[in-house]
Amino acid sequence: MIEAENVHYSYPSKVEALKGISLTIKDGEFVAIMGQNGAGKSTFVKHFNGLLKPSVGTVKIDGVETTKSSVAALARNVGFVFQNPDHQLFSETVEEEISFALKNFGFEQKVIEDRVTWALNLLSLTQYRKTSPFLLSGGERKRVALASVLAWDPNTLILDEPTIGQDHEQKEKLRQFIMQLQTQKKTVVAVTHDVEFVAECNPRVVLMKEGKVVADGVGREILTDPAMLEMSSIVLPQVAQVFTKLSALGLPKDIIDLYEAKALLLKTKERLAR
Amino acid sequence: MSVFDGLKFRKVSSPIHNLDPRVKFVYVICIFVAAILFRDILPMIVLFVMQLPFVFLARVQRQWLRSLRGAAFLASFIFIINIVTTYFTKSYTLPVADVENAFAMTMRFVVLVESFSVFFLTTSPDHLGLALETSRVPYEFAFAFTTAVRFVPVLAEEAQTIMDAQKARGLELEKGGLMKRIRNYIPILIPLIVSAIRRSLELAEAMESRAWGACKKRTNLFALKLHRGDYVLIALTMMVLVGAIYTYLFLSIPTIASLIGVA
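From first to last, the protein sequence lines are chains L and H.
For the record, in the first sequence the residue sitting at position 94 is 94 according to our numbering, with numbers rising by one throughout.
For the record, in the second sequence the residue sitting at position 70 is 344 according to our numbering, with numbers rising by one throughout.
See below:
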């Protein structure tokens, strides 16, 4: 469980990035944190594994204050995948890259091998086991970075812009994978601008603006509120846009799911035909 | 990192910022020469105080103080080394003149740091490049130089991100013996170097696609021209130089100790 209470954070340059955020994320929840550039999303999630410590207020992970623990100790339970994989890849082979964190956490050699195989398989990277990560494409490097975090099986996973540079197929795989984590009661926090991806996943959505939380609720409500989204420079998901335009037909506006949309439209078509 | 903060340019308008970079550079070199010329504390104090009006006119007091604070460690190191070596070479005594000499050496370092700090704090990389160009340095080199200066803060920020990313994977930089600690930096240095190289290749491509080097003869949007302030600074520079050489050749410099009657 992640509990943030009245978190303020100022960078050494005196820029106040967070201005009093209180938020609780329960075990097993899937939360998408959205908002315009510079809203403080990344700054906020960096508090979850202790990379940043609040200037005022507290952040507790499973009841322990982050100020009382080291990043390495917190990271064992909170995995953080950074936006740009090039900021972390350094090993000669993909295999070594993935085992880096496992070695840091002191896993046994046999376990490390098993975990690496498991993670490679999970992200369809098995054929690159002995390849240099620098020779892979952007999307593949991103998956290596994700695999290197998933390998130690943290209870909470933080993803910073996970869909950037991924084609639709990989995004769909990512979505299925997050759903799979959900069934294992893992907590997933994703910082993202990708409104379509969020609409497809339909998680809890937390909207941030200028260092504050401005909205917090189910995706279906927040992603269909044009005024709220415009404030955060986010456009409605395409499905919601269509349904907003079609409201004259007596259709509901709060639709973001493609299958639900199709069913509703077919029903309306039948009604109009009669 | 505070030393580097004390050298980082911020765009503001002040009489000092608007001075011609070439004239400023000559002035700094002149201060440099004067500081090297003397071994006594009095001239060092004069040189130190002489910079203060520049600092206040440019309104960079805070950054300037930070650069001095950054230099404090090395300065105290210089002082201690001077004191310790005198103590042992002068058969375990500490004559007042030698303590003063140690002070003078320390002040010399402080004067150098201070003057370069003022120069870099008040001169934009663009101006610096322009100054190099007008001093007949080939444009390619001038451009490479300004680009390098410009990318220092970018790289520093990137290094921080990389450190965060590796810490999030359980890397503990302060753990282990000396060799282990050095090895701990490999996961930070490799991504930093790789991304710097990648960035430079991207920059090269971006420059090529914007026709860099298409015509041999370039003109600049801003031309450097000497204004009244620059002539004042040139006059001041001459006065400092002449004054310093005259003092060095013809005047004897009293020590502080003799002035207050200690020795």
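Even glycine gets a Cβ: it sits at the ideal position worked out from N, Cα and C.
Treat the numbers as computed from the prediction; the structure is a model and nothing was measured.
Interface partners of residue i on chain H, CB under 8 Å
i             : result
residue 86(L) : 465, 468, 469, 472
residue 72(L) : 441, 444, 445, 446
residue 75(L) : 441, 442, 443, 444
Contact with chain H by residue i, beta-carbon distance below 9 Å
i              : result
residue 152(L) : yes
residue 115(L) : no
residue 38(L)  : no
residue 79(L)  : yes
residue 51(L)  : yes
residue 82(L)  : yes
residue 134(L) : yes
Short CB-CB distance (under 9 Å) between residue i and chain L
i              : result
residue 439(H) : yes
residue 436(H) : yes
residue 432(H) : yes
residue 477(H) : no
residue 491(H) : no
Interface residues of chain L facing residue i [CB-CB closer than 9 Å]
i              : result
residue 461(H) : 88, 90, 91, 100
Which of helix, strand or coil DSSP assigns to residue i
i              : result
residue 122(L) : helix
residue 548(H) : In the structure as shown, chain H begins at 275 and stops at 537. Residue 548(H) is therefore absent and cannot be evaluated.
residue 62(L)  : coil
residue 14(L)  : coil
residue 181(L) : helix
residue 138(L) : helix
residue 293(H) : coil
residue 245(L) : helix
residue 30(L)  : strand
residue 498(H) : coil
residue 9(L)   : strand
residue 512(H) : helix
residue 385(H) : helix
residue 209(L) : strand
residue 161(L) : coil
residue 538(H) : Given a span of 275 to 537 for chain H in the structure shown, any question on residue 538(H) remains unanswerable.
residue 78(L)  : strand
residue 114(L) : helix
residue 524(H) : helix
Inter-residue spacing [alpha-carbon to alpha-carbon] between residue i and residue j
i              : j              : result
residue 176(L) : residue 169(L) : 11 Å
residue 47(L)  : residue 6(L)   : 13 Å
residue 132(L) : residue 319(H) : 58 Å
residue 153(L) : residue 258(L) : 32 Å
residue 87(L)  : residue 140(L) : 14 Å
residue 53(L)  : residue 9(L)   : 8 Å
residue 299(H) : residue 394(H) : 10 Å
residue 529(H) : residue 368(H) : 16 Å
residue 129(L) : residue 461(H) : 19 Å
residue 90(L)  : residue 268(L) : 56 Å
residue 414(H) : residue 470(H) : 19 Å
residue 339(H) : residue 352(H) : 19 Å
residue 277(H) : residue 347(H) : Reliability fails at residue 277(H), whose pLDDT of 49 lies under 50, so the model's placement of it is uncertain and the value that follows must be treated cautiously. Taking the straight line from one Cα to the other gives about 10 Å.
residue 361(H) : residue 532(H) : 21 Å
residue 275(H) : residue 55(L)  : With a pLDDT of 44 at residue 275(H), under the threshold of 50, the modelled position of this residue cannot be trusted; read the value that follows with caution. Rounded to whole angstroms, residue 275(H) to residue 55(L) spans 21 Å at the Cα level.
residue 184(L) : residue 392(H) : 59 Å
residue 545(H) : residue 378(H) : Any answer about residue 545(H) is impossible in this case: the structure gives chain H only from 275 up to 537.
residue 245(L) : residue 263(L) : 17 Å
residue 221(L) : residue 181(L) : 24 Å
Chain-ordered chain H contacts of residue i [CB-CB under 9 Å]
i              : result
residue 149(L) : 442, 443
Closer than 7 Å at the beta carbon, the chain H residues around residue i
i              : result
residue 188(L) : Result: empty, since nearest Cβ-Cβ is about 16 Å, beyond 7 Å.
residue 44(L)  : Those within 7 Å of residue 44(L) in chain H number zero; the least Cβ separation is about 14 Å.
residue 155(L) : What residue 155(L) touches in chain H: nothing, since even the nearest Cβ is about 15 Å away.
residue 105(L) : 444
beta-carbon residue i near the ligand SAH non-hydrogen atom, thresh 8 Å
i              : result
residue 489(H) : In the structure on display, the ligand SAH does not appear, and there are no ligands present to speak of.
Segment contact, 8 Å Cβ cut-off, at least three pairs: the region 423–438 of chain H with the region 449–458 of chain H
no
Give a yes or no on contact between the region 243–253 of chain L and the region 43–59 of chain L, applying the rule of three or more CB pairs nearer than 8 Å.
no
Does the structure place the region 418–425 of chain H close enough to the region 455–469 of chain H that three or more beta carbon pairs sit under 8 Å?
no
Are the region 319–328 of chain H and the region 398–409 of chain H touching, with three or more C-beta to C-beta distances below 8 Å?
no
So does the region 95–110 of chain L actually touch the region 149–165 of chain L, counting three or more Cβ pairs closer than 8 Å?
yes
Do the region 112–128 of chain L and the region 79–86 of chain L make contact, defined as three or more Cβ pairs closer than 8 Å?
no
Could you say if the region 195–205 of chain L and the region 24–34 of chain L meet the contact criterion of at least three C-beta pairs nearer than 8 Å?
yes
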